[in-house]
Amino acid sequence: MSQHLPAPGDRYRFTCLGHRSHGLCSPLSATKLERLLSRLRLRPGEVMLDLAGGKGLLARAVAERTGARAVVVDTNPHFLAEGRAALADPGASPGLTADLDELVFTHPRSRATAGAPAPGPDDESELVEFVEGNVAALVAGGSLPTPAGLVACVGARPWATRRATLEALRDLTAPGGHVLVGEGYYRSAPDADFVAFLGEEDPAELEVSFDDHPRLAAELGLELRWSHGASPQEFADYDGRFCEALESWCLSHASDPDAPVFLERIRAWDAEMTRHGRAVMGFGWYLYQRD
338 MSQHLPAPGD RYRFTCLGHR SHGLCSPLSA TKLERLLSRL RLRPGEVMLD
388 LAGGKGLLAR AVAERTGARA VVVDTNPHFL AEGRAALADP GASPGLTADL
438 DELVFTHPRS RATAGAPAPG PDDESELVEF VEGNVAALVA GGSLPTPAGL
488 VACVGARPWA TRRATLEALR DLTAPGGHVL VGEGYYRSAP DADFVAFLGE
538 EDPAELEVSF DDHPRLAAEL GLELRWSHGA SPQEFADYDG RFCEALESWC
588 LSHASDPDAP VFLERIRAWD AEMTRHGRAV MGFGWYLYQR D
């Protein structure tokens, strides 16, 4: 997997190192991901947009199961390269392949569509496309295939506000189609020291609850079909793997110019998350259907 890691000084290097063993770069267990996938009703050839989709694990799972055409958009060229490599050769990205096997394909890989044949080795690469670029700019320029049967945006907010992002996702979705959103929130009020550590400047964000997102979505004509708040264990597993991956890399690459700064940074993060963060931070998954 090392050929997909950024060079020293690259702005994506820290997150790429932390997500070396992640395929899905958000907290979700195998069981909950299976439940999510079982609720998607895309037809072969229908479009899925995975905006800020990282390595494309979610898009690949949807495409393989339904025969839909998935388009993954992200600004991180290294995540996209890892996704493309794993699609062409599973051995090229062992971390992503492991997540695909563990999180998604706990049974033989097959499409969920009744009677649809399992995709062959050439089919899968045709079903998933990786696009590098700014999501909002690509949408404004009409560069993405729309309307889509499913528009996903997990762990990112490509437009300025929660409302603006949800409105944009809705408008990219075909009538009757689905919108999948993943966003962080606080399960309980964080203490002042943790807020200062995060540098959170918007007091309103500290008051967002798990139920606020569906209320906003309902105002915009989106009906909630499924939701899940990541459990403390899911969040701890995700964040713990991130911290462990970064610290182990720093210790084994002590002569790298980024290693000292990254090690100090990840140890400070891990200490704050252990002290308080993992107890209060949450992550919500919401699947909506457009009118």
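Convert by adding 337 to the 1-based position in the sequence shown; the result is the number in the working numbering. Glycine included, each C-beta is placed from N, C-alpha and C at the ideal position.
Supposed close pair residue i, residue j - CB separation, criterion 8 angstroms
i, j, result
"residue 631", "residue 610", "There is no way to answer for residue 631, as the model of the chain reaches only from 338 to 628."
"residue 617", "residue 527", "5 angstroms"
"residue 625", "residue 545", "No, residue 625 and residue 545 are not in contact; Cβ-Cβ is about 17 angstroms, not under 8 angstroms."
"residue 473", "residue 496", "6 angstroms"
Cα-Cα separation, residue i to residue j
i, j, result
"residue 596", "residue 359", "20 angstroms"
"residue 494", "residue 514", "20 angstroms"
"residue 477", "residue 557", "20 angstroms"
"residue 623", "residue 414", "27 angstroms"
"residue 424", "residue 502", "29 angstroms"
"residue 566", "residue 468", "29 angstroms"
"residue 613", "residue 479", "43 angstroms"
"residue 353", "residue 547", "28 angstroms"
"residue 534", "residue 604", "13 angstroms"
"residue 508", "residue 553", "15 angstroms"
"residue 579", "residue 356", "6 angstroms"
"residue 368", "residue 375", "11 angstroms"
"residue 615", "residue 465", "34 angstroms"
"residue 373", "residue 366", "11 angstroms"
"residue 450", "residue 543", "Summary for residue 450: the model assigns pLDDT 36, below 50, so the residue's position carries little reliability; its value from the coordinates is reported in the next sentence. Taking the straight line from one Cα to the other gives about 41 angstroms."
"residue 589", "residue 569", "30 angstroms"
"residue 564", "residue 592", "45 angstroms"
"residue 341", "residue 362", "16 angstroms"
"residue 396", "residue 608", "33 angstroms"
"residue 621", "residue 531", "20 angstroms"
"residue 583", "residue 344", "15 angstroms"
"residue 521", "residue 492", "7 angstroms"
"residue 453", "residue 404", "Note that residue 453 scores 40 on pLDDT, short of 50, meaning its location in the model is unreliable; the coordinates nonetheless yield the value given after this. C-alpha separation (whole angstroms): 8 angstroms."
"residue 398", "residue 574", "21 angstroms"
"residue 351", "residue 602", "10 angstroms"
"residue 426", "residue 523", "39 angstroms"
Residue i classed as buried or exposed, judged by whether at least 16 other C-beta atoms fall within 10 angstroms
i, result
"residue 409", "buried"
"residue 519", "buried"
"residue 364", "buried"
"residue 346", "exposed"
"residue 598", "exposed"
"residue 619", "buried"
"residue 576", "buried"
"residue 387", "buried"
"residue 571", "buried"
"residue 389", "buried"
"residue 380", "exposed"
"residue 459", "Here residue 459 scores only 46 on pLDDT, less than 50, and its place in the model should not be relied on; the value that follows carries that caveat. So residue 459 counts as exposed."
"residue 500", "exposed"
"residue 370", "buried"
"residue 536", "exposed"
"residue 419", "buried"
"residue 555", "exposed"
Among the options, the one whose alpha carbon lies nearest that of residue i
i, options, result
"residue 511", "601, 383, 399", "383"
"residue 402", "378, 625, 416", "378"
"residue 627", "561, 582, 608, 615", "561"
"residue 349", "412, 404, 370, 375", "412"
"residue 470", "594, 417, 499", "417"
"residue 475", "492, 564, 463, 506", "506"
"residue 407", "482, 541, 351", "482"
"residue 541", "551, 586, 504, 498", "498"
"residue 463", "549, 391, 587, 400", "400"
Where the beta strand (DSSP E) through residue i begins and ends
i, result
"residue 406", "406 to 411"
"residue 384", "384 to 388"
"residue 468", "465 to 469"
"residue 560", "559 to 566"
"residue 489", "485 to 491"
Residue-level contact to chain D via CB, residue i, 9 angstroms cutoff
i, result
"residue 595", "Absent here is chain D; the protein component of the structure consists of one chain."
Start-to-end residues for the alpha helix (DSSP H) that takes in residue i
i, result
"residue 578", "569 to 589"
"residue 551", "549 to 556"
"residue 373", "367 to 375"
"residue 417", "414 to 425"
"residue 506", "499 to 508"
"residue 353", "350 to 355"
"residue 496", "From DSSP, residue 496 is part of no alpha helix (DSSP H); its letter is neither H nor E."
"residue 473", "472 to 477"
"residue 533", "529 to 535"
"residue 394", "394 to 403"
Residue i: CB within 8 angstroms of a non-hydrogen atom of the ligand SAM
i, result
"residue 397", "In the structure shown, the ligand SAM is absent, as is every other ligand, since no ligand is present at all."
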